[in-house]
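Below is one structure, written out as structure tokens; comments come after it.
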Amino acid sequence: MYVARIGLTPVKGLAHEFLPELDLPASGPPGDRAFCFYDVAADRVLRTVDHDALLACRARWDPPALTITTPVGEATGDADGFGEPDAAGDRLVADYWGRPTELTVLRGPWSALVSRYLGKEVVLCRVGPPGGVVWGGPVSVVTTSSLAEVARRVGRDPEDGEGREDGRRFRATFVVDTGDAPAFVEDEWTGRLLRLGDAVVRVRGPLERCALVDRRPEAGGRDAMVLRALAADRRVDGQIVFGVHADVERPGIVRLGAEVDASAPR
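Structural data, given as structure tokens:
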């Protein structure tokens, strides 16, 4: 097995960005969903599943510069002053799917641009503790065996370039090529140590999924009934699951093509 994809996004809900390597610390992927948009009217973290046009936007964070590109324009500004109230703005606590999350409002050009694009008032914020707007553990993993099964279930040819699922819709930290292993082989990794290149993570278990997986990656709009295809046999405690999530046990560098070892003891 080996690492086939590495990805994250600096701003929650925007298109996943793919990386050639990732220096993975104990806290999880650096900068992954370090920012999010606050939904002013709803008084909560903006829900991508309700505003999937965000998937067509991209973020690039090269501290101190944060650039957000949308179909209607681009905005760049200094996002490194978030720690000082005078530089960054007010602090608030917002709901993230029932979990209170500390945010700091960022003053800059991004909020006006994305508000215009979405047609609703949103404010870009820096997320307080790392992982504040990450559902589950800081690291998520999906496998090519399971992605091929998803493609089959939604009526696509997993061997066809157009029909093949490459993991983008699941927004995982790592896609692991599992060769001819059976679908959902990753379920067996629950509780185990999983070595990814130089790093080691401990797998918590299957990861709950929402209707965002039905949306077209990097574009938005429904393009597949993935949740329905998984509903019959992919439930844990009533929630539909796909892939696994994990915590970092040993920091290290993970590169594309790095060997993956799931044989470590529980």
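For the sequence shown, UniProt numbering gives the first residue as 1, with consecutive numbering after it.
A virtual CB, placed ideally from N, CA and C, is assigned to each residue, including glycine.
The model shown is predicted, which means the values in this text are computed figures rather than measured ones.
Determine which residues share a DSSP beta bridge with W110 and list them.
DSSP lists no beta-bridge partner residue for W110.
Tell me the rounded alpha-carbon separation between A88 and D80.
Only weak support exists for where A88 lies, its pLDDT of 48 falling under 50; the value from the coordinates is given anyway. If I take the Cα positions, the gap works out to 8 Å.
Which class does D32 belong to by DSSP, given the choice of helix, strand or coil?
Coil at D32, not helix or strand.
Cut-off 6 Å between Cβ atoms - residues of its own chain near D78, not counting five sequence neighbours on either side:
Excluding its 5 nearest sequence neighbours in each direction, D78 has C-beta neighbours in its own chain below 6 Å: P64, listed in chain order.
If you pair each beta-carbon of the segment 247-261 with each one of the segment 12-31, do three or more pairs fall below 8 Å?
A contact is defined here as three or more CB-CB pairs under 8 Å, and the segment 247-261 meets this definition with respect to the segment 12-31.
Whether residue 298 touches C125 by CB criterion (8 Å):
Given that the chain is displayed from residue 1 to residue 266, the structure contains no residue 298 and the question cannot be resolved.
Look at the Cβ atom of R215, then the Cβ atom of R169, and state whether they are nearer than 8 Å.
Taking 8 Å as the Cβ cut-off, R215 and R169 qualify as a contacting pair.
For L113, which option in T76, R99 and V142 has the closest C-alpha, if you only look at C-alpha atoms?
Of T76, R99 and V142, the smallest CA-CA separation from L113 is found for T76.
Please name the residue, chosen from W189, R202 and L103, that lies closest to D43 on a Cα-to-Cα basis.
Cα-wise, what sits closest to D43 is L103.
Excluding the five sequence neighbours on either side, which residues of its own chain have a C-beta within less than 7 Å of the C-beta of R60, listed in chain order?
Annotation for R60: T67 place their beta carbon closer than 7 Å to its own, counting only its chain and skipping 5 residues before and after.
Whole-angstrom Cβ separation of Y117 and V49, contact assumed at under 8 Å?
17 Å between Cβ atoms; not a contact.
For A199, count neighbouring C-beta atoms within 10 Å of its own C-beta (all shown protein chains included) and say buried if the count is 16 or more, exposed if not.
Buried: at least 16 other Cβ atoms inside 10 Å.
Just confirm the distance between the C-beta atoms of G31 and L55, as a whole number of angstroms; I'd bet it's less than 8 Å.
Rounded, the Cβ-Cβ distance is 19 Å, inconsistent with contact.
From this set, R33, Q239, G179 and V154, which residue's C-alpha is nearest P129's C-alpha?
When each option's Cα is compared against that of P129, the closest is R33.
Per DSSP, which one or two residues make a beta bridge with residue 296?
A question about residue 296 goes unanswered here, because the residues of the chain that appear run from 1 up to 266.
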